[in-house]
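K.L.:
Going by the numbering used here, the first residue of the sequence shown is number 25, and it counts up by one from there.
One structure follows; several queries about it will come next.
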Amino acid sequence: AKPLHIDTRYFKKLRQDINIAELAGPATNFFIAIACGIISVALGYRIEMMWAGQDPVPRLLLAIAQSNIVIGLLNLLPFPNSSGWRLLLNNIRYQWGQVLTQNANIISIAMLVLLLTNVLSPLFMGAIGLYMFVLQRMV
25 AKPLHIDTRY FKKLRQDINI AELAGPATNF FIAIACGIIS VALGYRIEMM WAGQDPVPRL
85 LLAIAQSNIV IGLLNLLPFP NSSGWRLLLN NIRYQWGQVL TQNANIISIA MLVLLLTNVL
145 SPLFMGAIGL YMFVLQRMV
């Protein structure tokens, strides 16, 4: 996806407002996951029904929630041109940001290797497990 250009002309606190703008995308993903959980609970679906039941609605809600959790976390990882990258560059010294930007291709390859070798899987599985734990406590 093409990175979103942020017009900073109206920002009063530049660094803080850029951080808020960059966090809006991942926050939306997490909000969708939470909304799916609330809908599941409101409809009376239990965790057991989501995995093994015949009704496709709870499985769909769970798949949407899990996908949005993973997408939100991916957006927060410091891949070049992602929200996580821009958050990182916005919150470190300018000189360090220049070094990172010059090595963006190497960082991209390293991050891709981490994803493809499942090194980051515990992060995603832990977040989904936490979501399921909270969802189970809500029922």
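Yeah, the Cβ is synthetic: ideal placement off N, Cα and C, and Gly gets one too.
Excluding the five sequence neighbours on either side, which residues of its own chain have a C-beta within less than 6 Å of the C-beta of I95, listed in chain order?
P.N.:
N53
K.L.:
So, are the CB atoms of L100 and C60 less than 9 Å apart?
P.N.:
no
K.L.:
Is there contact here, the stretch 124–141 with the stretch 36–54, by at least three beta-carbon pairs under 8 Å?
P.N.:
no
K.L.:
Out of S106, N92, Q119 and W120, state which residue places its alpha-carbon closest to the alpha-carbon of I58.
P.N.:
N92
K.L.:
Using a Cβ-Cβ cut-off of 7 Å (strictly less than) and excluding sequence neighbours within five positions of L112, which residues of its own chain qualify?
P.N.:
P102
K.L.:
Give the C-beta separation of V65 and M135 to the nearest angstrom, bearing in mind that I take them to be a contact with Cβ-Cβ under 8 Å.
P.N.:
Actually they do not touch by this definition, with Cβ atoms about 35 Å apart.
K.L.:
Can you tell me which of I88, D79 and L38 puts its alpha carbon nearest to the alpha carbon of I62?
P.N.:
I88
K.L.:
Give me the Cα-Cα distance between Q122 and F157, rounded to the nearest whole angstrom.
P.N.:
41 Å
K.L.:
So which of L98, D79 and M74 has the shortest CA-CA distance to L139?
P.N.:
L98
K.L.:
Once the 5 residues before and after R110 are set aside, which same chain residues still bring their CB inside 6 Å of it?
P.N.:
E46
K.L.:
Distance, Cα to Cα, I133 vs Q119?
P.N.:
22 Å
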